[in-house]
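Trainee: Which chain is which? The protein sequence lines are C and E, in order.
Numbering of the first sequence is given in full-length UniProt numbering, commencing with residue 1 and proceeding in unit increments.
Numbering of the second sequence is given in full-length UniProt numbering, commencing with residue 1 and proceeding in unit increments.
Got a structure for you, written out below as structure tokens; questions coming shortly.
Number of protein chains: 2
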Amino acid sequence: MTGTVPSRHQDIADDLRSQITTGRIQPGERLPSEADLADRYKVSTVTLRRALAVLQGEGLVEKIHGKGNFVRRPHRKIMYVGGWGTLDPWTAAEAALRVTVRSTTVQAYGHLTTLLNVPVGSPLAEFSCASHAGESPHGLARIYIPRDLAPVGDLDDASSCWEAATRFAVLSPAPAAVRETACARAPTPDEASALRIGHAAPVLGITRVATDVTGRIVEAALLVFPGDRVDAVFATHHMTQERQIQA
Amino acid sequence: MTGTVPSRHQDIADDLRSQITTGRIQPGERLPSEADLADRYKVSTVTLRRALAVLQGEGLVEKIHGKGNFVRRPHRKIMYVGGWGTLDPWTAAEAALRVTVRSTTVQAYGHLTTLLNVPVGSPLAEFSCASHAGESPHGLARIYIPRDLAPVGDLDDASSCWEAATRFAVLSPAPAAVRETACARAPTPDEASALRIGHAAPVLGITRVATDVTGRIVEAALLVFPGDRVDAVFATHHMTQERQIQA
DNA sequence: CAGTGGTCTAGACCACGCG
DNA sequence: GCGTGGTCTAGACCACTGT
Numbered sequence: 001m002t003g004t005v006p007s008r009h010q011d012i013a014d015d016l017r018s019q020i021t022t023g024r025i026q027p028g029e030r031l032p033s034e035a036d037l038a039d040r041y042k043v044s045t046v047t048l049r050r051a052l053a054v055l056q057g058e059g060l061v062e063k064i065h066g067k068g069n070f071v072r073r074p075h076r077k078i079m080y081v082g083g084w085g086t087l088d089p090w091t092a093a094e095a096a097l098r099v100t101v102r103s104t105t106v107q108a109y110g111h112l113t114t115l116l117n118v119p120v121g122s123p124l125a126e127f128s129c130a131s132h133a134g135e136s137p138h139g140l141a142r143i144y145i146p147r148d149l150a151p152v153g154d155l156d157d158a159s160s161c162w163e164a165a166t167r168f169a170v171l172s173p174a175p176a177a178v179r180e181t182a183c184a185r186a187p188t189p190d191e192a193s194a195l196r197i198g199h200a201a202p203v204l205g206i207t208r209v210a211t212d213v214t215g216r217i218v219e220a221a222l223l224v225f226p227g228d229r230v231d232a233v234f235a236t237h238h239m240t241q242e243r244q245i246q247a
Numbered sequence: 001m002t003g004t005v006p007s008r009h010q011d012i013a014d015d016l017r018s019q020i021t022t023g024r025i026q027p028g029e030r031l032p033s034e035a036d037l038a039d040r041y042k043v044s045t046v047t048l049r050r051a052l053a054v055l056q057g058e059g060l061v062e063k064i065h066g067k068g069n070f071v072r073r074p075h076r077k078i079m080y081v082g083g084w085g086t087l088d089p090w091t092a093a094e095a096a097l098r099v100t101v102r103s104t105t106v107q108a109y110g111h112l113t114t115l116l117n118v119p120v121g122s123p124l125a126e127f128s129c130a131s132h133a134g135e136s137p138h139g140l141a142r143i144y145i146p147r148d149l150a151p152v153g154d155l156d157d158a159s160s161c162w163e164a165a166t167r168f169a170v171l172s173p174a175p176a177a178v179r180e181t182a183c184a185r186a187p188t189p190d191e192a193s194a195l196r197i198g199h200a201a202p203v204l205g206i207t208r209v210a211t212d213v214t215g216r217i218v219e220a221a222l223l224v225f226p227g228d229r230v231d232a233v234f235a236t237h238h239m240t241q242e243r244q245i246q247a
């Protein structure tokens, strides 16, 4: 028996959680003010805020400075599908997705050079994407492509942006190989504000590196998603019989 | 310019972080007591503890009740390799890994039934695994196998345990297909204490479902890793040429 | 026992959003 | 301006680890 230490803020979090999951407090609804809640539960505001922090970490509550605490819309978890994009990654919410793109040309630096395996200072096209599903932001992406492989001309024209937005979801010219690395971490302050999540809410980071048949890296994408909003799915089919990678 | 909000605990976290990363405080070393630090930085203990919480969330500091705050060993990030295990998942630390296994028979319930696609109450072999790399715990796994596919006889005998421990890392009888779902989330209280991480430190959860050629699910594994200790890698090779799924 | 972290309080002050 | 959340304080008390 693992001795569960009764902690007041956990109890309160549990209570509020059940009120949310049972629907007694509706999604989108505002909770009573922290002062009111602290009063109701007979605790100090600090303790009450700790309870809310728990729920925020679980993605149940969104705090908005100056306005209040709001119950988040139910987690319709969206799937990011790994591999080379045979399935549309955004199937579930495809229609409701709005993607904004900003593109520039940068020079390779730091770990970008190792990621893309290019020399320092090498020109890269950078696409910064943010996708929103309705109100709430739902994914960030920074995609880097060697400049000579990117569309010529103005990177900010319509077609380039469209391509980037598409790339965010699907790898259109199927590369020879894709290597994806997934990690769970806390968001950077930038990411936290861009995704409208708390500093404590975990994010799912995916680094995707695509290679062509010659082994050249044709794209590196750094994707970030709120942990409570998206899962990443990777399927490995064993083909018919003869194929078995390595050995 | 995004107005940086000066917050004392962040400043302190920054200061301590730099002292750690520059090696002024060595890995494994104990920090001064919270009271001392609070005194040194001229803040209240609460504020100082918030600073430490930040570092704990980043995996830089490990708190041990009654003993102190310790600098964690550097993050040698370990790779979990997706797919059906052609590469050893624990390459990096294989030698140093110690795995403990506890096995029982349970009846399918809740979402286990949907995961394994078996009726409620269906007998399952459950293997609870914990892997330790030296001192620090480094991964948890709960593996479920339909009872009739599991080794007959005592589940707790040596061979069964060995098999489970192996399964934790590699899928030995290569299944026809493997589907892995990765998510970033906060740890449950159990997981937090088992992994010796804070409630705020994100974990990487991987749900692995393996299917045989007939489409039957032969294994479901729920894996949990500290987010700062392991990344998951998924590689998709595009085979030779003829194969291109979907248009 | 002394020393450590863990939780909580009551109240202060600041920063944001909105009328 | 008012009501909201965000940060901080000084001090209390409890729980765990060692001797």
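Cβ atoms here follow ideal geometry from the backbone N, Cα and C, with glycine treated the same way.
Taking 9 angstroms as the CB-CB cut-off, is LEU115(E) touching chain C?
Mentor: Position 115 of the second sequence, counted from the first residue, corresponds to residue 115(E). No, LEU115(E) lies away from the interface with chain C (no Cβ there is under 9 angstroms from its Cβ).
Trainee: Measuring only between beta-carbons, confirm whether THR181(E) sits less than 9 angstroms from chain C.
Mentor: Taking the first residue of the second sequence as position 1, residue 181(E) is located at position 181. Chain C, which has a Cβ nearer than 9 angstroms to the Cβ of THR181(E), makes this yes.
Trainee: Please tell me whether GLY57(C) has its Cβ less than 9 angstroms away from any Cβ of chain E.
Mentor: Within the first sequence, residue 57(C) is the residue found at index 57, counting from 1. It does: the Cβ of GLY57(C) has a partner Cβ on chain E nearer than 9 angstroms.
Trainee: Output yes or no for whether 9 angstroms exceeds the beta carbon distance between VAL43(C) and LEU52(C).
Mentor: Position 43 of the first sequence, counted from the first residue, corresponds to residue 43(C). Position 52 of the first sequence, counted from the first residue, corresponds to residue 52(C). It is not a contact, given that the beta carbons lie outside the stated cut-off.
Trainee: Can you have a look at ASP148(E) and say buried or exposed, based on whether 16 or more other CB atoms are within 10 angstroms of its CB?
Mentor: Taking the first residue of the second sequence as 1, we reach residue 148(E) at position 148. The residue in question, ASP148(E), is exposed, as its Cβ has fewer than 16 Cβ neighbours within 10 Å.
Trainee: Closer than 9 angstroms, CB to CB, is VAL61(E) near chain C or not?
Mentor: Within the second sequence, numbered from 1, the residue matching residue 61(E) stands at position 61. No, VAL61(E) lies away from the interface with chain C (no Cβ there is under 9 angstroms from its Cβ).
Trainee: DSSP beta-bridge partners for LEU48(C)?
Mentor: Taking the first sequence and counting its residues from 1, one reaches residue 48(C) at position 48. Note: LEU48(C) sits in no beta bridge, so no partner.
Trainee: Starting from the beta carbon of ARG185(C), find every residue of chain E whose beta carbon is closer than 8 angstroms, and list them in chain order.
Mentor: Here residue 185(C) refers to the residue found at position 185 of the first sequence. The contacting residues are ALA184, PRO202, GLY227, ASP228.
Trainee: The ligand HEM and ALA201(C): does the residue's C-beta get closer than 8 angstroms to at least one heavy atom of that ligand?
Mentor: In the structure on display, the ligand HEM does not appear, and there are no ligands present to speak of.
Trainee: Do we get a CB-CB distance below 9 angstroms when we pair HIS111(C) with the residues of chain E?
Mentor: By one-based count along the first sequence, residue 111(C) stands at place 111. No, no contact with chain E.
Trainee: In the structure shown, what three-state DSSP assignment does THR100(C) receive?
Mentor: Locating residue 100(C) in the first sequence gives position 100, counting from the first residue. The answer is strand: DSSP assigns THR100(C) an E or B state.
Trainee: In chain E, which residues lie less than 7 angstroms from HIS237(C) when you measure between Cβ atoms?
Mentor: Along the first sequence, one-based indexing puts residue 237(C) at 237. Under the 7 angstroms cutoff, chain E gives ALA177.
Trainee: Is any beta-carbon of chain C found at less than 9 angstroms from that of PHE70(E)?
Mentor: Residue numbering aside, residue 70(E) sits at position 70 when the second sequence is read from its first letter. At a cut-off of 9 angstroms between C-beta atoms, PHE70(E) does not count as an interface residue with respect to chain C.
Trainee: Less than 6 angstroms between C-beta atoms, sequence neighbours within five positions excluded: which residues of the same chain meet that for ALA201(E)?
Mentor: On the second sequence, residue 201(E) is found 201 positions in, with the first residue counted as 1. Excluding positions up to five away in sequence, the list reads GLY57.
Trainee: Among GLY139(C), GLY198(C), ILE145(C), whose alpha-carbon lies nearest the alpha-carbon of THR113(C)?
Mentor: In the first sequence, counting from the first residue as 1, residue 113(C) sits at position 113. Nearest of GLY139(C), GLY198(C), ILE145(C) to THR113(C), Cα basis: ILE145(C).
Trainee: Could you tell me which uninterrupted alpha helix (DSSP H) segments, each at least 4 residues in length, are contained entirely in the stretch 168-206 of chain C, listed from first to last along the chain?
Mentor: 189-195
Trainee: Kindly list the residues whose CB is nearer than 6 angstroms to the CB of VAL106(C), restricted to its own chain and excluding five residues on each side of it in sequence; keep chain order.
Mentor: For the purposes of this step, residue 106(C) is taken as residue 106 along the first sequence, with counting starting at 1. Answer for VAL106(C): LEU124, GLU126, listed in chain order.
Trainee: Contact check, GLY139(C) vs ARG185(E) under 8 angstroms by CB: the rounded distance?
Mentor: Here residue 139(C) is taken as the residue at index 139 of the first sequence, counted from 1. Here residue 185(E) is taken as the residue at index 185 of the second sequence, counted from 1. In fact, because the Cβ distance is near 17 angstroms, the residues do not count as touching under 8 angstroms.
Trainee: Give me the chain C residues within the contact set of ASP231(E), using Cβ-Cβ distance strictly less than 8 angstroms, ordered along the chain.
Mentor: Numbered from its first residue, the second sequence carries residue 231(E) at position 231. Residues of chain C passing the Cβ test: THR181, ALA182, CYS183.
Trainee: Enumerate in chain order the residues of its own chain whose CB-to-CB distance from residue 260(C) is below 7 angstroms, with the five nearest sequence positions on each side excluded.
Mentor: In the structure as shown, chain C begins at 1 and stops at 247. Residue 260(C) is therefore absent and cannot be evaluated.
Trainee: In three-state terms, what does DSSP make of HIS9(E)?
Mentor: Reading the second sequence from its first residue, position 9 is the one you call residue 9(E). Here HIS9(E) sits in helix by DSSP.
Trainee: Mapping DSSP to helix, strand and coil, what is SER131(C)?
Mentor: Translated into positions along the first sequence, residue 131(C) becomes position 131. Three-state DSSP puts SER131(C) in a strand.
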